[in-house]
Each structure stands twice: as C-alpha cells, then as structure tokens.
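Residue 12 in our numbering is what sits at position 12 of the sequence shown, and the numbering runs on without skipping anything.
No residue lacks a Cβ here, since even glycine has one placed at the ideal position from N, Cα and C.
These numbers were taken from a predicted model, which means no experiment stands behind them.
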Amino acid sequence: MDMANENELYQAKLRSCLMCEDDFESAWSGERVCKRCKSQAQWQTGNSSLAA
Ligand SMILES: [Zn+2]
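Written as structure tokens, this is what we have:
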C-alpha cells in the first residue's frame with residue numbers, strides 16, 4: 001500500500017522557504033515558498049501585466 005507515502009507527501013510541516021529561507025508551514029512537500037514570497041510573486045506578476 002502506498003497510502004503511507006502519500007500521507008507523508010501531503011503532510012503539513014515546517015520547511016525552509018526557497019526564497020527567503022524562513023521557516024514556514026508547508027501544506028505538502030511540493031510547497032517550498034512561504035506565503036509572503038508567494039504573494040510577492042503574485043504582486044510582481046500582476047504588476048507586469050498592468051505595465052504591459
Ligand atoms: Zn519566503
């Protein structure tokens with residue numbers, strides 16, 4: 001059964017943000033950037049689309 005692996009993959013735990021290296025609560029193993037950096041990235045995306 002692979003359920004244990006899946007549970008671990010999607011387990012929320014503290015990880016280091018790839019951008020600011022702060023510890024943050026990651027919802028799953030693929031989430032590597034904290035909410036603050038994510039919101040900054042979204043702001044940049046929105047800003048560039050406004051500028052274009
Ligand atoms: Zn961050």
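- Following the DSSP letters along the chain, one finds residue 25 inside the beta strand (DSSP E) bounded by residues 23-26.
- Beta-bridge annotation (DSSP): residue 15 is paired with 24.
- Counting only heavy atoms of ligand 1, the residues whose C-beta sits closer than 6 Å to one of them are, along the chain, 17, 19, 20, 22, 33, 34, 36 and 37.
- Here DSSP, grouped into helix, strand and coil, assigns residue 36 to helix.
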